[in-house]
Structure formats: C-alpha cells, structure tokens
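In our numbering, the protein residues as written are 26 to 266.
Idealized CB from N, CA, C, for every residue including glycine.
Computed from a predicted structure; not experimentally measured.
Take a look at the structure set out below.
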C-alpha cells in the first residue's frame, strides 16, 4: 500500500483539531514555525496542508495576519426536503430574511421547463437574502404559480421559510424534490449582496419541489461555500465502485 504523503496527514490532523474545537472558529492557527514543531515536518509540508484546508473552506489565509479558522459547521443533509432556513433554525441560528422582493413575472424557458408549464405563463417570483446571526448566507429565488398561493402578497417581509409558509398557510406539504447542485464564483452583484469578495466560491442549488406529483416551486439558491455545505446519506453502494 502506498505511503500517505506527509502534507495529507497534517491536513487531516489539523482538520480533526478544527472539528474537535482545539482550533476555535474565528481564531488563528498557530504560526508556521509552531506547526512545523508540533507536527515534526517541513515548512513546505505545512504550507501544502494549509492550502488544502483553505481550498476546502476550513481556513482563510490572510497575508501578514495569519490563518483564520472558518465556520464550516452548517451542514444540510439532503436525504429529505429541507430548506436552508429550517436547517439554520435547527442549528440554533437567528434566521431572518433581508430585502424580500416579490413580483409577478412571466415564465422564461428555464422556469417553464422546470415547472412543466407553458413559457410566458404568469408566476410569482420571490427574492431575498437569508441571514444567520446577521451574516448573509444565501441569495434565494423562488418561482410559484400565483393560482396556488392566492394572497401571498400579504406575507411580504413576514416569513422566514417559504416551505413552512406553504405548509402552514396553504396546506401544501412538499413531498418530493429534484435537486441539482453546481458551483460558481461570485459576480459583482452577488458579492455585494452577500458581503463577500468578488470571485468567492458559491454553491448553486436548483430545486423543483412537488406536491401530489405536481411541480410546486422552482428554487434557485446561491449559497456561500465558506459558510454552508451539503451532506448526502448513501446506502447499498454498488460493488463495482
């Protein structure tokens, strides 16, 4: 069996120390000389390990200031239909939307295909920035058939989770979803809305939700990759993997 490179061993050890709270969120990692001494490896090995941690979103290397441990603890399990808002609330965050914008639009080709409706059909579009403890986490867009949510305008700026609103006020308990997860870098508008640097990593979630087999919402979420991650449960893995 091939020997594991030293920088990967150090990467794994530091990651475990972050997960265990030895290196606290918001604190700085020990200096490179201190890490060299702690792990008994070269400075090059330490730098490669820290670079891996930075790419994975565990730390942020700030030139001249040190390496800060990032909050990488918000995990959403996607084995069921759960919104970001619900996940954050369960984690104990103070969750609230900012700048809810609600308007009636006509469906373009992408949204029409997702909801299995004709192009040009009237839809309600919601856009908001979701905050967790006053920190912007995601830009959220939802497209809904206005006939299904009559009077939703009265909830403008008065709800945290759209899925909970649909269930509580309209008795639509979403039963299934199709999710597509990709990645992108933040453009100028996204960086301004999320208060992050231009080109920062974003997770993009495109979701169609269903109620009794009928497409209910088309959701487009752009989420800060340094603050959020998705977790997938897998079972019965094939033997040919």
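Check: Which residues mark the beginning and the end of the alpha helix (DSSP H) in which residue 58 is found?; Outcome: 57-64
Check: Below 8 Å, can you find three or more Cβ-Cβ pairs linking the stretch 239-249 to the stretch 163-170?; Outcome: yes
Check: Is the beta carbon of residue 95 closer than 7 Å to that of residue 251?; Outcome: yes
Check: Could you compute how far the alpha carbon of residue 53 sits from the alpha carbon of residue 60?; Outcome: 12 Å
Check: Considering Cα atoms alone, identify which of 235, 92, 110 is closest to residue 202.; Outcome: 235
Check: Applying the 10 Å Cβ sphere with the 16-neighbour rule, what's the burial state of residue 223?; Outcome: exposed
Check: Quick one: what does DSSP say residue 31 is sitting in, helix, strand or coil?; Outcome: helix
Check: Could you pull the DSSP bridge partners for residue 167 from this structure?; Outcome: 151, 244
Check: Report the residue from 197, 130, 138 whose alpha carbon sits nearest the alpha carbon of residue 232.; Outcome: 138
Check: Excluding the five sequence neighbours on either side, which residues of its own chain have a C-beta within less than 6 Å of the C-beta of residue 226, listed in chain order?; Outcome: 250
Check: Tell me the residue span of the beta strand (DSSP E) that contains residue 184.; Outcome: Looking at the DSSP string, residue 184 is not in any beta strand (DSSP E), and its letter there is neither H nor E.
Check: Could you check the C-alpha separation between residue 122 and residue 114 for me, to the nearest Å?; Outcome: 13 Å
Check: Where DSSP assigns a beta bridge to residue 227, which residues make up the other side?; Outcome: 209, 249
Check: Between which two residues does the alpha helix (DSSP H) harbouring residue 71 extend?; Outcome: 68-80
Check: Shortest alpha-carbon distance to residue 126 belongs to which of 228, 214, 180?; Outcome: 180
Check: In whole angstroms, what separates the C-alpha of residue 104 from that of residue 62?; Outcome: Confidence at residue 104 is low in this model, with a pLDDT of 48, below 50, so its placement is unreliable and the value that follows should be read with caution. Straight-line Cα distance between these residues: approximately 42 Å.
Check: State buried or exposed for residue 56, treating a residue as buried only when at least 16 other CB atoms are found within 10 Å of its CB.; Outcome: exposed
Check: Within the continuous alpha helix (DSSP H) that includes residue 136, where are the two ends?; Outcome: 134-140
Check: Out of 84, 130, 160, 68, state which residue places its alpha-carbon closest to the alpha-carbon of residue 39.; Outcome: 84
Check: Quick one: give me the first and last residue of the beta strand (DSSP E) that residue 85 is part of.; Outcome: 84-87
Check: Hey, residue 120 and residue 185: beta-carbon distance below 7 Å or not?; Outcome: yes
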